[in-house]
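Comments concern the structure below.
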Amino acid sequence: MELPRVTLRLWRPSEAPRLFDLLSRPEVTRWFGENSRAPLTEVDQALQRIEDWALGGEPPLGAHAVVTPDRAEPVGTVLLFPAPHALHGEIEVGWYLHPDAVGHGYAAAATRRAIADALAAGHDEVWALTHPDNHRSRATAVRAGMVDLGDVEGLWHDGPSRLFVAGRTAPPRPARSAGDAGQDR
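Okay, here's the thing in structure tokens:
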């Protein structure tokens, strides 16, 4: 499947209402880490997040607005950041989209772009952790070219997660048998 063209850039202060619209939705934030799962309740919170993101991270690390040529507003966010409690400098990628942008390949395209940027900046690997029940994010990671390493317990977050990795040292993608066709992996 060919992925759509996306651009990654900083969120702009004028886009705080769009970010608020995105992050005030429980159906979006329910998959976030324990410390950021609560939906936003005020536009000022979105503006503060944009301002904080503008100050943090040496590129390509940071929180990036996902922009498409056919939409006036960002469709979501892709994040590249040092993994919490990382033992060896692991970099983690995360993503989320506004519900009106789901199903067009934007998340996979943005994730693939963020991974390429991280590798070009000298990082050997990029990891992603998804909730085991978040089948949409698991599929996005695979479409973005990440290798599914299976379930892990308490790696960086409490409880189980599904681990994906991409990069120069990523293990080869396991072969799938004909009996696996259509199964969620």
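In full-length UniProt numbering, the protein residues as written are 1 to 185. We put the CB at the ideal spot given by N, CA and C, even for glycine.
{"Item": "For Gly-154, which option in Val-66, Asn-134, Leu-129, Trp-95 has the closest C-alpha, if you only look at C-alpha atoms?", "Value": "Leu-129"}
{"Item": "Which full runs of the alpha helix (DSSP H) of 4+ residues lie inside the stretch 101 to 144, going along the chain?", "Value": "106 to 120, 135 to 143"}
{"Item": "Using beta-carbon positions only, say whether Thr-111 and Val-67 come within less than 8 Å of one another.", "Value": "no"}
{"Item": "Contact between the stretch 37 to 50 and the stretch 70 to 81 is defined here as three or more beta-carbon pairs at a separation below 8 Å; is this criterion met?", "Value": "no"}
{"Item": "How many whole angstroms separate the CB atoms of Gly-118 and Leu-149, which I take to be in contact at a CB cut-off of 8 Å?", "Value": "Per the sequence shown, residue 118 should be read as Ala rather than Gly. Not confirmed; about 18 Å, so no contact."}
{"Item": "Taking the alpha-carbon of His-85 as reference, which of Val-165, Leu-3, Asp-158, Met-146 has the nearest alpha-carbon?", "Value": "Asp-158"}
{"Item": "If you run the structure through DSSP and keep just helix, strand and coil, what is residue 192?", "Value": "This structure leaves residue 192 out entirely; the chain is present only between 1 and 185."}
{"Item": "Give me the DSSP bridge partner(s) of Pro-82.", "Value": "Ile-91"}
{"Item": "Spatial neighbours of Ala-141 within its chain, please: CB distance less than 6 Å, with the 5 preceding and 5 following residues excluded, ordered by chain position.", "Value": "Ala-128, Phe-164"}
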